[in-house]
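Written below as structure tokens is the structure these notes are about.
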Amino acid sequence: MQKVYKLTKERLQELKEELNYLKTVREKEVAEQIKEARSYGDLNENSEYDEAKNEQGKLFSRIAEIENIIANSVIIEEDQISTDVVTTGCKVVVLDMADNTEKTYHLVGSQEADPYRYRISDESPFGKALLGSKIDDVVSVQAPAGILKFKVVEISK
Numbered sequence: 003m004q005k006v007y008k009l010t011k012e013r014l015q016e017l018k019e020e021l022n023y024l025k026t027v028r029e030k031e032v033a034e035q036i037k038e039a040r041s042y043g044d045l046n047e048n049s050e051y052d053e054a055k056n057e058q059g060k061l062f063s064r065i066a067e068i069e070n071i072i073a074n075s076v077i078i079e080e081d082q083i084s085t086d087v088v089t090t091g092c093k094v095v096v097l098d099m100a101d102n103t104e105k106t107y108h109l110v111g112s113q114e115a116d117p118y119r120y121r122i123s124d125e126s127p128f129g130k131a132l133l134g135s136k137i138d139d140v141v142s143v144q145a146p147a148g149i150l151k152f153k154v155v156e157i158s159k
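Numbering-wise, the numbering used here puts 108 at position 106 of the sequence shown, and it's gapless, one number per residue.
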């Protein structure tokens, strides 16, 4: 079964632009590197050729990865985001029960997660714990430091 990637329209557009760049500009650059490395002679002991071929492999791997993500993506539409229950795409304010501080997180698909910007993946332990919860629910998250408890204070788009 194929994995489904939940993306915003903006992230989908970024991936399409990256794919276009890789297929047009970067692919030509790598092909030129291979061509130049071939001109150095014996391919058996040609480290430049080996490096260029490795770069080509990485490039084709990234292209395949992006094509797979795009082919198996589901767009998170803002009008589909509920404020009754925590779902992917919503913003949620939680109260850390240990130190009584509030933080706002944006629950996103795995391709858009950025914990430093409080964008939490719906596949992370914290994201999974939050999914389906409602205002005033207390969720528990298993962490290396032990079980952490958070109270859902607010849900918004």
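Where a beta carbon is used, it is the ideal one built from N, C-alpha and C, also for glycine.
Bridge partners - residue i, DSSP secondary structure assignment
| i | result |
| --- | --- |
| Asp-98 | Thr-103, Phe-152 |
| Asp-116 | Arg-121 |
Selected residue, minimal CA-CA separation from residue i, among the options
| i | options | result |
| --- | --- | --- |
| Val-110 | Glu-125, Gln-35, Lys-18 | Glu-125 |
| Glu-69 | Glu-80, Lys-130, Lys-25, Gly-134 | Lys-25 |
| Ser-112 | Arg-121, Ser-49, Gln-58 | Arg-121 |
| Ser-84 | Leu-133, Asn-46, Ala-115, Thr-106 | Leu-133 |
| Gln-82 | Gln-35, Thr-10, Gly-148 | Thr-10 |
| Val-140 | Ala-100, Ser-158, Glu-114 | Ala-100 |
| Arg-13 | Glu-34, Cys-92, Leu-61, Ile-71 | Ile-71 |
| Val-6 | Glu-67, Asp-116, Phe-152 | Glu-67 |
Exposure of residue i, with buried meaning 16 or more beta-carbon neighbours within 10 Å
| i | result |
| --- | --- |
| Ser-63 | exposed |
| Ala-73 | exposed |
| Ala-147 | exposed |
| Val-27 | exposed |
| Tyr-42 | exposed |
| Ala-131 | buried |
Contact belief for residue i with residue j at Cβ below 8 angstroms, rounded distance in angstroms
| i | j | result |
| --- | --- | --- |
| Val-154 | Val-94 | 6 angstroms |
| Lys-8 | Thr-103 | Contact flag wrong, Cβ pair sits at about 28 angstroms. |
| Ala-33 | Glu-50 | Rounded, the Cβ-Cβ distance is 14 angstroms, inconsistent with contact. |
| Val-87 | Ser-135 | 7 angstroms |
Coarse secondary structure for residue i, derived from DSSP in three states
| i | result |
| --- | --- |
| Gln-144 | strand |
| Ile-68 | helix |
| Lys-60 | helix |
| Ile-36 | helix |
| Val-76 | strand |
| Leu-109 | strand |
| Tyr-42 | coil |
| Leu-9 | strand |
| Ser-49 | helix |
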